Amino acid sequence: MLPVKQFVDFIEQNTLFTPKSKILAAVSGGMDSVLMAHLLKAAGFNFSIAHCNFQLRDDEALRDQEFCNSLANQLRVPFHTINFDTRNYAADNKISIQMAARELRYQWFDQICQQSDYQVIALAHHQNDTIETILLNLTRGTGIAGLHGILPKNGQWVRPLMFLNRDEIATIISDNKLDYVEDSSNSSAKYARNKIRLEVIPKLKELNPSLEKTFESNLKHFRDMETLLENQVAGLRKTLTKHNGDGLYLLLDEVKQLNPIRLLLFKLLQEYGFNETAVDDLVSVLDKHSGRIFESTGFLLVLDRDRLILKKRTNGELQAMLIAEKDHELNYGNYKLNVLHDDSALIIKDNPLAVSIDSALLIFPLTLRAWREGDYFYPLGMRGRKKLSDFFIAQKIGLHQKNEVPLLVNGNGDVIWVGGYRPDERYKVNNNTKKVTIFELYKLR
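For the sequence shown, the numbering used here begins at 24 and goes up steadily by one.
Right, here's the structure in full:
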């Protein structure tokens, strides 16, 4: 028997959709999405099946596509499918295959919904997917929002199988003799999520056989804590934030009373584009450096003697410029940048407006942009990393000047060169360098 009652109860308890909703069900052909399709049918919902062929597994991908078509015919529901050139999309956009597949899939789902008036898109995530997501977030670093895992509902995206774990799904599939297809890439541990599923979670279940139930309980606590935090921040935003003609300000005496100050101040400033590094820097100088300015993409935060003044940027940060491997010249602010590729390990000395970089370390496209709060690099000839804000102070670069300093940034986010001042130690030319790329700045005025 299919767990239709539990399925419907979960949908109603989480207000995922109604019996009148028009649903687009994302079906890969695996046991999770196949069970979701059968449950939607058994419960009498109005749905269609959508399947993506990313053309990454040759005959196996075609097999999955044909299976999903047969499933739609069996259930007598409409079928949508598409073939993606995922590898070329990833190469053109310089993103991973996994990210390319995700972007293509979500764009297509949105397109179908607009064309055919689907209200919700049903995805077949279950409890184990949430556990994997939380563990993945923890290994990468996360705030409290990363601990709530995958939500049953996020806008038009709904996950009606979140009341089941993987073992329960496998049992239901077996008991009801439901056909499905297996994606061979799921057994590969080369992907981070698969590694957690195949290697980490089994070890955790040795310590706690009821891992899914424990996480389900923890998730409720995490989500309650997140709600509590958001409610407190909303209240603080009303009481602490004052308005004046130029923008907003917060009284320093009231800010210093926040506890925990870093968390609450970050949540208050997050919507203005300030990251945790900027907030950490701010907290460390609250009692020391009146006049300090912190910047996000759209706002300035000025540390005055008795208040924090928040206002929109008026002078405007120069538009960031992308540098492709084939580019040889571009203009940025008051500078022209020339790019030259050389087959010799040439080292440029005594010219702060030029630098030679080991070409093998470059990840294109590069970016030429202004500095941002939280930026750091490893100055050539110095030990360890240094924040750009501290480097500018040491170089006696004024507040009005630092926004004009061009930063050359690698495709992985590393600051390669503080234009006109210092390159990064990690990108210097050495005895192993085979080819260099030379960047030279010319002042236009």
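Heads up, the beta-carbon is just placed ideally off N, CA and C, and yes, glycines get one too.
In this text, all values refer to a predicted model and were calculated from it rather than measured experimentally.
Item, Value
"Residues that alanine 377 bridges to, as DSSP identifies them", "Glu463"
"Rounded C-alpha distance that separates glycine 321 from glycine 404", "34 Å"
"Reference lysine 43, options Ile34, Met24, Leu227 and Ala49, closest by Cα", "Ile34"
"Residue from Gly164, Gln137 and Phe238 with nearest C-alpha to isoleucine 173", "Phe238"
"Own chain residues within Cβ distance below 7 Å of leucine 385, not counting five before or after", "Asn433 and Thr460"
"For phenylalanine 245 and leucine 170, believed in contact at Cβ under 8 Å, the rounded distance", "4 Å"
"Buried versus exposed, by CB contacts within 10 Å (16 or more), glutamine 88", "buried"
"For methionine 405, the three-state DSSP class (helix, strand or coil)", "coil"
"Three-state secondary structure assigned by DSSP to isoleucine 346", "strand"
"Inter-residue spacing [alpha-carbon to alpha-carbon] between serine 379 and aspartate 366", "12 Å"
"Nearest-angstrom Cβ-Cβ length linking arginine 392 and leucine 430, presumed shorter than 8 Å", "6 Å"
"Isoleucine 105 (DSSP reduced to helix, strand or coil)", "strand"
"Neighbourhood of serine 56 by C-beta, 6 Å cutoff - its chain only, sequence neighbours within 5 removed", "Val50 and Ala147"
"Helix, strand or coil at histidine 364 [DSSP, three-state]", "strand"
"Spatially closest choice to glutamine 280 from Gly296, Val306 and His266, by CA coordinates", "Val306"
"Residue from Gln150, Leu252, Lys311 and Leu467 with nearest C-alpha to leucine 291", "Leu252"
"As assigned by DSSP and simplified to three states, the class of phenylalanine 317", "strand"
"For arginine 330, the residue or residues it bridges with in DSSP", "Leu274"
"Rounded distance between the beta-carbons of lysine 45 and threonine 141, thought under 8 Å", "The displayed chain sequence assigns tyrosine, not threonine, to residue 141. 5 Å between Cβ atoms; contact."
"Any 3 or more C-beta pairs closer than 8 Å across the segment 90–105 and the segment 61–71", "yes"
"Neighbourhood of leucine 187 by C-beta distance below 6 Å, restricted to the same chain and skipping five residues each side", "His149"
"Sequence-distant residues of the same chain with beta carbon closer than 6 Å to threonine 262, five excluded per side", "none"
"Residue-chain proximity (arginine 328, chain B), Cβ-Cβ < 8 Å", "Checking the listed chains, one finds no chain B in this structure; it contains a single protein chain."
"Proline 26 beta carbon less than 8 Å from that of isoleucine 195", "yes"
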